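K.L.:
If you scroll down you'll find the structure; I have some questions about it.
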Amino acid sequence: MFIQNELKSVDYISSHNINENFISFFNKPGPYYSSYPVLGEWNDFEDTSSYENALLDFFSSSPSKPLYLYLHIPYCAKLCYYCCCQISISNNRGIINNFVRCLIKEITMLEQFFLKNKIMPNIKEIHLGGGTPSHLTTDELNSLVSALKNFVNFEGLQEFSMEVDPRTVNFEHFDYYEAMGVDRISFGIQDFNDVVQEKINRVQPYELIERLMNEEVRDKFKGVNFDLLFGLPMQTRSSLRETIELTKQLSPERITLIKYLHIPNKVKHMKMIAESALPDKSDLPYMFVESTEALIEAGYSWVGLDHFAKQTDSLSIAKDNGRVYRNFGGESPGYTKDIISLGPSSTSAFGNYYFQATSNLLKYKNTIDAGNFAISRKYKLNSDDIIRRDCNFELQCNQKLDMTKIENDYKISFQKYFGAELELLKGFEEKGLVHINDKNILVTTTGRYFVRHICRVFDTFLDNTMQYEAHGT
Ligand SMILES: C[S@@+](CC[C@H](N)C(=O)[O-])C[C@H]1O[C@@H](n2cnc3c(N)ncnc32)[C@H](O)[C@@H]1O
Ligand code: SF4
Numbered sequence: 409m410f411i412q413n414e415l416k417s418v419d420y421i422s423s424h425n426i427n428e429n430f431i432s433f434f435n436k437p438g439p440y441y442s443s444y445p446v447l448g449e450w451n452d453f454e455d456t457s458s459y460e461n462a463l464l465d466f467f468s469s470s471p472s473k474p475l476y477l478y479l480h481i482p483y484c485a486k487l488c489y490y491c492c493c494q495i496s497i498s499n500n501r502g503i504i505n506n507f508v509r510c511l512i513k514e515i516t517m518l519e520q521f522f523l524k525n526k527i528m529p530n531i532k533e534i535h536l537g538g539g540t541p542s543h544l545t546t547d548e549l550n551s552l553v554s555a556l557k558n559f560v561n562f563e564g565l566q567e568f569s570m571e572v573d574p575r576t577v578n579f580e581h582f583d584y585y586e587a588m589g590v591d592r593i594s595f596g597i598q599d600f601n602d603v604v605q606e607k608i609n610r611v612q613p614y615e616l617i618e619r620l621m622n623e624e625v626r627d628k629f630k631g632v633n634f635d636l637l638f639g640l641p642m643q644t645r646s647s648l649r650e651t652i653e654l655t656k657q658l659s660p661e662r663i664t665l666i667k668y669l670h671i672p673n674k675v676k677h678m679k680m681i682a683e684s685a686l687p688d689k690s691d692l693p694y695m696f697v698e699s700t701e702a703l704i705e706a707g708y709s710w711v712g713l714d715h716f717a718k719q720t721d722s723l724s725i726a727k728d729n730g731r732v733y734r735n736f737g738g739e740s741p742g743y744t745k746d747i748i749s750l751g752p753s754s755t756s757a758f759g760n761y762y763f764q765a766t767s768n769l770l771k772y773k774n775t776i777d778a779g780n781f782a783i784s785r786k787y788k789l790n791s792d793d794i795i796r797r798d799c800n801f802e803l804q805c806n807q808k809l810d811m812t813k814i815e816n817d818y819k820i821s822f823q824k825y826f827g828a829e830l831e832l833l834k835g836f837e838e839k840g841l842v843h844i845n846d847k848n849i850l851v852t853t854t855g856r857y858f859v860r861h862i863c864r865v866f867d868t869f870l871d872n873t874m875q876y877e878a879h880g881t
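Just so you know, we're using the numbering used here here: the sequence shown kicks off at 409 and counts up by one.
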């Protein structure tokens with residue numbers, strides 16, 4: 409057992425209940441399943457025609473399936489030392505503008521592909537991510553949106569979200585984003601403590617964010633999201649508690665609370681963060697558990713792995729209806745399950761396919777200029793992968809796996825197909841992390857803190873010596 413008395417009436421456990429077992433299991437490395445199989449299992453692949461054939465295959469079987477469109481804008485004004493995203497720091501407007509021209513060419517290539525094959529894509533969500541989309545000028549953003557209008561019905565979108573760096577925007581920018589059709593914005597906050605901010609090279613005082621979160625700005629959007637990190641240099645349990653308190657005061661509709669991934673061997677600029685400045689590993693579960701408790705007590709709903717949403721927010725409503733889904737950006741309200749992505753390093757997931765574009769900016773530009781999609785990785789899921797992805801995402805997103813539904817959807821006997829997995833899950837049941845009955849596998853309140861470990865039971869790719877730690881892998 410991980411804790412003595414599980415609280416049944418609330419959706420969280422208290423930090424008083426954390427013990428040694430909890431700490432070591434919490435810190436155990438393992439994938440954060442944004443895809444199944446995880447990105448590391450996809451194959452190197454550069455054939456653009458295979459990407460187009462996969463799109464044809466998808467649209468011929470699901471012509472009007474709702475789609476999520478992601479655009480990756482890699483440029484940022486200033487380097488944050490903690491950042492593990494696919495970025496390029498530049499304030500050279502010529503370079504950035506040349507990139508935007510290239511991205512528009514890629515959008516146009518996709519439009520031509522749709523026209524040639526008489527496809528009318530049913531795009532229901534758009535996300536501008538990065539990097540920093542708000543680092544583009546309003547003219548650049550406008551030209552991207554104009555190009556998208558050739559095949560996206562903006563009036564019919566269920567979400568149009570955008571990542572915004574609070575240090576570089578003013579009130580006029582928000583007017584403009586609203587006019588473009590953006591209805592959700594996300595601020596990279598990370599932490600409000602000034603010592604932590606210095607250490608991560610991202611100084612943005614609380615007062616700056618408070619000013620941006622005024623009523624006029626809030627009224628323009630359906631919701632604001634805050635990205636927070638735990639495990640940052642100089643962060644302590646008490647400083648994070650303060651950050652959570654300040655976050656509660658500003659009351660964003662959604663909050664994402666992710667564990668800082670420190671991989672200086674892979675991301676060189678992380679060497680600017682001394683290992684000695686990082687909090688002790690044994691503090692990490694306390695940080696997450698205490699934050700969860702404070703946010704739920706304040707009225708937020710805990711959604712999936714690491715998202716929190718106000719009860720009235722669409723993400724929270726999707727949770728109540730068991731419709732939460734997961735994409736590369738984290739948990740989503742489930743309007744769409746298939747993603748087409750554009751831009752360097754971006755990842756697509758549609759039908760039985762996963763694709764990733766090259767992360768090399770020069771290669772991306774040259775390939776697009778030559779009239780080809782800049783594919784660098786691919787994975788085609790077989791029927792077993794698809795069943796396992798379904799099991800994994802249901803457990804992660806909705807904390808419940810309906811075995812009867814899996815049997816009906818895939819015409820299998822769950823007991824026979826997953827006999828070995830059910831045996832392994834008994835170990836999790838003994839620890840109080842899942843409850844299994846005739847129909848369902850239910851993740852318990854304590855199990856929610858370890859759901860990605862539970863999901864590993866359904867992962868046939870994992871070699872236990874492999875160390876996956878990255879959020880987003
Ligand atoms: C790609 S950034 C885009 C946000 C936007 N550029 C900004 O800074 O405001 C999206 C989020 O990824 C998360 N992130 C970046 N580096 C990370 C790391 N090393 N470990 C975990 N999450 C990270 C941060 O929470 C960040 O806000
Ligand atoms: S956190 Fe945002 S602004 Fe900072 S380097 Fe990463 S993408 Fe750029």
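Note that the Cβ used here is the ideal one computed from N, Cα and C, for glycine as well. Being a predicted model, the structure only gives us computed values, none of them experimental.
In the DSSP output, which residue or residues are listed as bridge partners for D810?
P.N.:
Answer is N848.
K.L.:
In this structure, what does DSSP give as the bridge partners for L654?
P.N.:
The partner list for L654 (beta bridge, DSSP) is empty, contrary to what the question assumes.
K.L.:
Beta carbon of G730: closer than 7 Å to some heavy atom of ligand 2?
P.N.:
Flag unset: Cβ of G730 not near ligand 2.
K.L.:
Rounded to whole angstroms, what is the Cα-Cα separation between H480 and Q823?
P.N.:
Near 42 Å, if we compare the C-alpha coordinates of Q823 and H480.
K.L.:
Around the C-beta of L415, are 16 or more other C-beta atoms found within 10 angstroms, so that it is buried, or is it exposed?
P.N.:
Only weak support is given to the placement of L415: the predicted model assigns it a pLDDT of 43, under 50, and the question is left unresolved by the model.
K.L.:
Going straight from the alpha carbon of S699 to that of L648, what length do you get?
P.N.:
C-alpha separation (whole angstroms): 8 Å.
K.L.:
Kindly list the residues whose CB is nearer than 6 Å to the CB of T540, restricted to its own chain and excluding five residues on each side of it in sequence; keep chain order.
P.N.:
Result list for T540: C484, D573, in chain order.
K.L.:
Taking the CB atoms as reference points, tell me whether I666 and D714 lie closer together than 8 Å.
P.N.:
In contact: I666 and D714 (Cβ atoms closer than 8 Å).
K.L.:
Suppose only complete runs of 3+ residues qualify. What are the beta strand (DSSP E) ranges in the stretch 713-770, listed by chain order?
P.N.:
Runs of the beta strand (DSSP E) inside the stretch 713-770: 715-718, 733-735, 738-740, 746-750, 755-758, 761-765.
K.L.:
Just to confirm the assignment, what range does the beta strand (DSSP E) spanning T545 have?
P.N.:
Taken as a continuous stretch (DSSP letters only), T545 belongs to no beta strand (DSSP E), as it is neither H nor E.
K.L.:
Reducing DSSP to helix, strand and coil, say where C799 ends up.
P.N.:
DSSP places C799 in helix when its eight states are reduced to three.
K.L.:
Quick check: is any heavy atom of ligand 2 less than 7 Å from the C-beta of I495?
P.N.:
Checking the Cβ of I495 against ligand 2 gives yes.
K.L.:
If you check the beta carbons only, do E586 and K630 fall under 8 Å apart?
P.N.:
Not in contact: E586 and K630 (Cβ atoms no closer than 8 Å).
K.L.:
By DSSP, does T664 sit in helix, in strand, or in coil?
P.N.:
Correct three-state label for T664: strand.
K.L.:
Does M528 pass the burial test, meaning 16 or more other C-beta atoms within 10 Å, or should it be called exposed?
P.N.:
Flag for M528 reads exposed.
K.L.:
Taking N451 as the reference, give the member of N550, Y762, N609, F582 with the closest Cα.
P.N.:
The shortest C-alpha separation from N451 is found at Y762.
K.L.:
What span of residues does the alpha helix (DSSP H) with V711 cover, start to end?
P.N.:
Careful: V711 lies outside any alpha helix (DSSP H), inside the beta strand (DSSP E) at 708-711.
K.L.:
With C-beta atoms as the reference, is L789 less than 8 Å away from I862?
P.N.:
It is not a contact, given that the beta carbons lie outside the stated cut-off.
K.L.:
So, for S496: in the same chain, excluding its five sequence neighbours on each side, which residues have a beta-carbon less than 7 Å away from its beta-carbon?
P.N.:
Answer for S496: P482, Y483, L769, listed in chain order.
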